[in-house]
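Enquirer:
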Amino acid sequence: CSDCFGHPAYCRACCLSSHKHLPFHHPSAWTGTHYVSISLTSLGYVLHLGHNGQPCPMTVEVSD
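Using the working numbering, the first residue of the sequence shown is number 248, and each one after it goes up by one.
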């Protein structure tokens, strides 16, 4: 992530974990020859508002 101090390289799971509270950072992925910009959303990031970044514990499944 070019926005993180030191530009650390993370696997997908660690990138998502380390950016839990940094949704506006811009990670990059190595293609084998160069880096390309990717979004946190493309890695599976979901922004949860409230509950310290966790899904609401009172959420219930709704069926049709």
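Cβ coordinates follow ideal geometry from the N, Cα and C atoms, glycine included.
Report the rounded CA-to-CA distance for H273 versus H295, giving the unit in angstroms.
Expert: By 1-based counting over the sequence shown, the position of residue 273 is 26. By 1-based counting over the sequence shown, the position of residue 295 is 48. So the two alpha carbons sit approximately 18 Å from each other.
Enquirer: Would you tell me roughly how many angstroms separate the C-alpha atoms of G291 and P270, rounded to the nearest one?
Expert: Sequence index remark: in the sequence shown, residue 291 carries index 44 (1-based). Sequence index remark: in the sequence shown, residue 270 carries index 23 (1-based). In a straight line, the C-alpha of G291 is about 12 Å away from that of P270.
Enquirer: With respect to the alpha helix (DSSP H) encompassing S265, which residues constitute its N-terminal and C-terminal limits?
Expert: Here the question's residue 265 lines up with position 18 in the sequence shown. Counting along the chain, the unbroken alpha helix (DSSP H) around S265 starts and ends at R259 to S265.
Enquirer: Could you tell me the alpha carbon to alpha carbon distance between C261 and M305, rounded to whole angstroms?
Expert: For the purposes of this step, residue 261 is taken as residue 14 along the sequence shown, with counting starting at 1. For the purposes of this step, residue 305 is taken as residue 58 along the sequence shown, with counting starting at 1. Near 27 Å, if we compare the C-alpha coordinates of M305 and C261.
Enquirer: Taking the straight line between their C-alpha atoms, what separation do you get for G253 and Y282?
Expert: Stepping through the sequence shown from its first residue, residue 253 is reached at position 6. Stepping through the sequence shown from its first residue, residue 282 is reached at position 35. Roughly 16 Å between the two C-alpha positions.
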